[in-house]
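One structure is given below, encoded as structure tokens.
Protein chains: 4
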Amino acid sequence: MSRIAFIGLGNMGAPMAHNLLKAGHELAVFDLSASAVQGLADAGARSAPDARAAVEGAQVVISMLPASTHVHGLYLGQQGIVPHIADGALVIDCSTISAATAQAVAQALAARGLDALDAPVSGGTAGAAAGTLTFIVGGEAAALERARPYLSAMGKNVFHAGGSGAGQIAKICNNMLLGILMAGTAEALALGAAHGLDPKVLSDIMGKSSGRNWALELYNPYPGVMENVPAARGYSGGFGVDLMHKDLGLAAEAAIASRCAVPLGELARNLYGMHSLSGAGTLDFSSIIQPLLKDQLY
Amino acid sequence: MSRIAFIGLGNMGAPMAHNLLKAGHELAVFDLSASAVQGLADAGARSAPDARAAVEGAQVVISMLPASTHVHGLYLGQQGIVPHIADGALVIDCSTISAATAQAVAQALAARGLDALDAPVSGGTAGAAAGTLTFIVGGEAAALERARPYLSAMGKNVFHAGGSGAGQIAKICNNMLLGILMAGTAEALALGAAHGLDPKVLSDIMGKSSGRNWALELYNPYPGVMENVPAARGYSGGFGVDLMHKDLGLAAEAAIASRCAVPLGELARNLYGMHSLSGAGTLDFSSIIQPLLKDQLY
Amino acid sequence: MSRIAFIGLGNMGAPMAHNLLKAGHELAVFDLSASAVQGLADAGARSAPDARAAVEGAQVVISMLPASTHVHGLYLGQQGIVPHIADGALVIDCSTISAATAQAVAQALAARGLDALDAPVSGGTAGAAAGTLTFIVGGEAAALERARPYLSAMGKNVFHAGGSGAGQIAKICNNMLLGILMAGTAEALALGAAHGLDPKVLSDIMGKSSGRNWALELYNPYPGVMENVPAARGYSGGFGVDLMHKDLGLAAEAAIASRCAVPLGELARNLYGMHSLSGAGTLDFSSIIQPLLKDQLY
Amino acid sequence: MSRIAFIGLGNMGAPMAHNLLKAGHELAVFDLSASAVQGLADAGARSAPDARAAVEGAQVVISMLPASTHVHGLYLGQQGIVPHIADGALVIDCSTISAATAQAVAQALAARGLDALDAPVSGGTAGAAAGTLTFIVGGEAAALERARPYLSAMGKNVFHAGGSGAGQIAKICNNMLLGILMAGTAEALALGAAHGLDPKVLSDIMGKSSGRNWALELYNPYPGVMENVPAARGYSGGFGVDLMHKDLGLAAEAAIASRCAVPLGELARNLYGMHSLSGAGTLDFSSIIQPLLKDQLY
Numbered sequence: 096m097s098r099i100a101f102i103g104l105g106n107m108g109a110p111m112a113h114n115l116l117k118a119g120h121e122l123a124v125f126d127l128s129a130s131a132v133q134g135l136a137d138a139g140a141r142s143a144p145d146a147r148a149a150v151e152g153a154q155v156v157i158s159m160l161p162a163s164t165h166v167h168g169l170y171l172g173q174q175g176i177v178p179h180i181a182d183g184a185l186v187i188d189c190s191t192i193s194a195a196t197a198q199a200v201a202q203a204l205a206a207r208g209l210d211a212l213d214a215p216v217s218g219g220t221a222g223a224a225a226g227t228l229t230f231i232v233g234g235e236a237a238a239l240e241r242a243r244p245y246l247s248a249m250g251k252n253v254f255h256a257g258g259s260g261a262g263q264i265a266k267i268c269n270n271m272l273l274g275i276l277m278a279g280t281a282e283a284l285a286l287g288a289a290h291g292l293d294p295k296v297l298s299d300i301m302g303k304s305s306g307r308n309w310a311l312e313l314y315n316p317y318p319g320v321m322e323n324v325p326a327a328r329g330y331s332g333g334f335g336v337d338l339m340h341k342d343l344g345l346a347a348e349a350a351i352a353s354r355c356a357v358p359l360g361e362l363a364r365n366l367y368g369m370h371s372l373s374g375a376g377t378l379d380f381s382s383i384i385q386p387l388l389k390d391q392l393y
Numbered sequence: 096m097s098r099i100a101f102i103g104l105g106n107m108g109a110p111m112a113h114n115l116l117k118a119g120h121e122l123a124v125f126d127l128s129a130s131a132v133q134g135l136a137d138a139g140a141r142s143a144p145d146a147r148a149a150v151e152g153a154q155v156v157i158s159m160l161p162a163s164t165h166v167h168g169l170y171l172g173q174q175g176i177v178p179h180i181a182d183g184a185l186v187i188d189c190s191t192i193s194a195a196t197a198q199a200v201a202q203a204l205a206a207r208g209l210d211a212l213d214a215p216v217s218g219g220t221a222g223a224a225a226g227t228l229t230f231i232v233g234g235e236a237a238a239l240e241r242a243r244p245y246l247s248a249m250g251k252n253v254f255h256a257g258g259s260g261a262g263q264i265a266k267i268c269n270n271m272l273l274g275i276l277m278a279g280t281a282e283a284l285a286l287g288a289a290h291g292l293d294p295k296v297l298s299d300i301m302g303k304s305s306g307r308n309w310a311l312e313l314y315n316p317y318p319g320v321m322e323n324v325p326a327a328r329g330y331s332g333g334f335g336v337d338l339m340h341k342d343l344g345l346a347a348e349a350a351i352a353s354r355c356a357v358p359l360g361e362l363a364r365n366l367y368g369m370h371s372l373s374g375a376g377t378l379d380f381s382s383i384i385q386p387l388l389k390d391q392l393y
Numbered sequence: 096m097s098r099i100a101f102i103g104l105g106n107m108g109a110p111m112a113h114n115l116l117k118a119g120h121e122l123a124v125f126d127l128s129a130s131a132v133q134g135l136a137d138a139g140a141r142s143a144p145d146a147r148a149a150v151e152g153a154q155v156v157i158s159m160l161p162a163s164t165h166v167h168g169l170y171l172g173q174q175g176i177v178p179h180i181a182d183g184a185l186v187i188d189c190s191t192i193s194a195a196t197a198q199a200v201a202q203a204l205a206a207r208g209l210d211a212l213d214a215p216v217s218g219g220t221a222g223a224a225a226g227t228l229t230f231i232v233g234g235e236a237a238a239l240e241r242a243r244p245y246l247s248a249m250g251k252n253v254f255h256a257g258g259s260g261a262g263q264i265a266k267i268c269n270n271m272l273l274g275i276l277m278a279g280t281a282e283a284l285a286l287g288a289a290h291g292l293d294p295k296v297l298s299d300i301m302g303k304s305s306g307r308n309w310a311l312e313l314y315n316p317y318p319g320v321m322e323n324v325p326a327a328r329g330y331s332g333g334f335g336v337d338l339m340h341k342d343l344g345l346a347a348e349a350a351i352a353s354r355c356a357v358p359l360g361e362l363a364r365n366l367y368g369m370h371s372l373s374g375a376g377t378l379d380f381s382s383i384i385q386p387l388l389k390d391q392l393y
Numbered sequence: 096m097s098r099i100a101f102i103g104l105g106n107m108g109a110p111m112a113h114n115l116l117k118a119g120h121e122l123a124v125f126d127l128s129a130s131a132v133q134g135l136a137d138a139g140a141r142s143a144p145d146a147r148a149a150v151e152g153a154q155v156v157i158s159m160l161p162a163s164t165h166v167h168g169l170y171l172g173q174q175g176i177v178p179h180i181a182d183g184a185l186v187i188d189c190s191t192i193s194a195a196t197a198q199a200v201a202q203a204l205a206a207r208g209l210d211a212l213d214a215p216v217s218g219g220t221a222g223a224a225a226g227t228l229t230f231i232v233g234g235e236a237a238a239l240e241r242a243r244p245y246l247s248a249m250g251k252n253v254f255h256a257g258g259s260g261a262g263q264i265a266k267i268c269n270n271m272l273l274g275i276l277m278a279g280t281a282e283a284l285a286l287g288a289a290h291g292l293d294p295k296v297l298s299d300i301m302g303k304s305s306g307r308n309w310a311l312e313l314y315n316p317y318p319g320v321m322e323n324v325p326a327a328r329g330y331s332g333g334f335g336v337d338l339m340h341k342d343l344g345l346a347a348e349a350a351i352a353s354r355c356a357v358p359l360g361e362l363a364r365n366l367y368g369m370h371s372l373s374g375a376g377t378l379d380f381s382s383i384i385q386p387l388l389k390d391q392l393y
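Right under this line is the structure:
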């Protein structure tokens, strides 16, 4: 069993930390929210007064923060933890952030001689609670092998995408594509319905044809086509519009930095962005069909 | 066995007609190309001097033409065949055309009391030759039951999309979605590759994640990721850029007519259109990745 | 003074017909709305029981109808007027319709040996009432010279765009560009305002720089920047979202027919279309800034 | 006359520095290119061995660098100049960079108590040589008044956009709008020409109508419509595709940071980006019409 510092106890981080505790590890935790810290302390974690204190003597450092700016501050800010991490420790950042920040953090950790991984997750809060997350990992293969026991305590699938930053890139590529699949599926279903087709029949036909995709088959956005999806419950729960909008922003930033063209990806970013501005930011992202429906089903 | 009039013997129509002959039907055929007609005549069809002569006495009329204007002319033009089709005949138009034209033809045939179906296909010239096409059918269920033996001689799958025109709508919805999937998949792979990821690794990760879709898994556009796809042979063969561009135009026209918004669909139309203008019209549509690649792989 | 048949007495057609009466011409009018006809009859026009009766003996035929389908029906439908127009008459269609329909009508009239013009207008209902419309004309130069006196009674500017259909094409090119200018200007102002710039200061700077355009300078969409524009009165009056959406649809149809790429034009079509679906169809088209504003100014 | 440190002597910076010399100021200059430094030394400037040496004792510091990363390094890097600038000096950064970087630099200079301006320019290398640049300035009004004599030596127009960073924002808003105007104008002209209109006639009509804009009137992209524009000389000279692409990237980054939607702006970014990938990066940005032309005029 290992001594782990876990920093960031939000909707994702808290259940992940709980699963590490359950697996028998010794945890020192920190979060700006005292109540979040208390929740873990009640379950047996040591509460640290700040991030530096949390990483003191830890064999493994895991962070799960909302955005690039927080990760930059934690590792590279004026009070950053990089100089305070113990020699030989393994560092795993599970936040979804820009590849540029992931690489800057990785460089600073490499300069210390530490093993470091960017390991963003998919699976949402439900996957975090159930310990069934998917990790998409960037970094050295050897570091990944060291990390497997901890990742296995929190998740089910681990993909090795490549070197430092590759985990972030692979995740944003996937999520950009997902944002396009969902919006494209919504357009096709709305167009068919406007011409009198039954969206369920059309979904069946496309699901057996070349329009087949994850969003159509497992997460159908048209109300009434599938049960047990957000469209069946007023688009509550699921993966929020604002989270998809954030991920599409990361994809666009990566494209701008590398002078890539992602015309559908950036258009999708704007579609989710306008949907959020209209007040739908906390709805599930499959609600992107709403602005396309003529009969105001919603 | 039935007396069938088959009109339109192009790359798709000719092999479809051959399969009907092989199934034992008696065919009268017509096409503007004498050599196309000769090909079928050599195989045992009766060659008719014009479309009117072909449909004379036929129990079934099947047409397979390039675009709306040809179908409009064949059925509704000044020399149109509607008045010349025998009472009680079944009419099946397999062309991919606008829903508006399909409905206009259906109305004229209904006024004659004839059973009529719009039955556009997918599966390409290979499917036409092998008799493994998929038919997406609009029209009455009873008419579809009458048509099954003939469709089965030419294809493998039959979907009933709804009433008149629904076959065309379902096909263009599917193909619009396919155009989006392919272009979106191309963007995601090009973005990942520009950041140093191996497109094969990234394809594997997305194929097991929420980016999963038909284009990624069965028709990967990145050269070297899959064998036996157009990307593995310089984008030759397959489904051409110009055909995808045409289908996206039909989708856009349907959206305009019904005041639907299909922002990704229309952007995809323009991407394939610009790709065609650059000289790529006859390449496979997965070549849409070419304008996105930095290293000029092509 | 001439005998004129005027068909279509809607918000645009009625004031145009009144101006022809004022100029001393003898009018025979028809519209499906009896009250619209009565309004002109009260002003001295002869009310005709149908379009055929209206054109009987007329030296000039002018039509002003809502869309392609109405113009097609009037001239080319089963009860179409083409065979009933007097030899030597001049025909002017002022409707904004598809170039394809304009050309089909022009061909039928040319086959009769009649002079024909497509002459869509800009200037809105205010320009129609004031007699200050702009006509964008397609057709022979000689026919245009014959038409000038009548056009001058209804408008101020006349542009000769080219042969038959060119008036429609020029108008939809201009209006597509206008739709892009307005939406692009809205994006630039909303982006600046979100970063704390005063939209009036930013408008002044761009108006003296390379961002200068008609929408920015004369029809600013940001509330509070200009007086006497729709943005200053809750986007009432002006040129409606639904009318812009229709014109962008005509532009897209023309692009599809000619295999042109108009990516910004078609994206603009979808932006106005989604705005209309959200309930804004009757607001002025400069309200396209609303879905972009963070602070929900509207 | 003042002691000025001028850092960055590229295509823009060198002629700007020459104009300051001509106005009688004393210059200390630095650039990584020795030949660029020599050019100014030959004209009477003192050549400094590095940036720190250049700013030593300067009353005014002016920088003109290619991108955010260079400006960040110059001011805020490990060898940054901020601590070395003399008390009371005025700092003017003329580079076109991200608003975020501009604000970070401004904060560091404000912490030193120094007057600082972001003052990006338009007018290109020709304007830099002729001393007719336009400056769009962010910062305190008092600082701008101090700066006027120096700006006047290099340019003709000065706009005050607002506080720190506002100059950058105003410039990228304008240039994003310009990128849209140019691409939209190109689409309208290409659509008209594909339907047989004379692009010159269409330009005249739109220039007198609501499609009027800077790109159409002063910088027409269609070959043959205007003289003395890049379209008249094979798109050589002018404002390059890659520069427009860079500015649209800055606009997209600003939109992402502020959660703004700029759908046309980001689509324009991708259009110029794909145009650059096709090999047109060094052509004038009005060459964005090339991928739209059917007859391969270019």
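Protein chains in written order, with the working numbering: chain L, 96 to 393; chain A, 96 to 393; chain C, 96 to 393; chain E, 96 to 393.
Glycine included, C-beta positions come from ideal geometry on N, C-alpha and C.
With 16 as the cutoff for other CB atoms within 10 Å, does residue i come out buried or exposed?
i      : result
C/L209 : buried
E/D137 : exposed
C/S128 : exposed
Apart from the five residues just before and just after residue i, which ones in its own chain have a Cβ nearer than 7 Å to its Cβ?
i      : result
C/P205 : In the sequence under discussion, the amino acid at residue 205 of chain C is Ala, which differs from the Pro named in the question. A211.
A/L169 : I102, A146, S158, L160, G175, I176
C/H179 : R147, V150, E151
L/P325 : S331, G332, G333, D379, S381
On a CA-only basis, which of the options is nearest residue i? Give me that one, please.
i      : options                : result
E/G76  : E/T280, E/W309, E/V166 : Absent from the model: residue 76 of chain E. The displayed extent of chain E is 96 to 393, so no value can be given.
A/A184 : A/Q173, A/V155, A/Q202 : A/V155
L/A248 : L/S97, L/L115, L/P386  : L/L115
Which residues share a DSSP beta bridge with residue i?
i      : result
E/I231 : E/F254
C/D213 : C/D188, C/G233
E/G108 : E/G108 pairs with nothing; no bridge assigned.
Once the 5 residues before and after residue i are set aside, which same chain residues still bring their CB inside 6 Å of it?
i      : result
A/F230 : A214, V216, L246, G250, V253
E/V320 : P294, K295, S298
C/L345 : S193, I267
Considering only residues of the same chain and omitting the five flanking positions on each side of residue i, which have a CB-CB separation below 8 Å?
i      : result
A/N106 : T220, A223
Determine the chain B residues that contact residue i at a beta-carbon separation under 8 Å, and present them in chain order.
i      : result
L/S373 : The chain inventory of the structure shown lacks chain B, comprising the protein chains L, A, C and E.
Inset, instruction - Specify whether the stretch 213-232 of chain A and the stretch 253-267 of chain A touch according to this definition: at least 3 beta carbon pairs, one from each stretch, less than 8 Å apart. - result: yes
Inset, instruction - Answer yes if the stretch 358-371 of chain L comes into contact with the stretch 348-363 of chain E, meaning at least three C-beta pairs across the two stretches below 8 Å, and no otherwise. - result: yes
Legend entry - the stretch 353-363 of chain E in contact with the stretch 273-290 of chain C per 3-pair CB rule at 8 Å: yes
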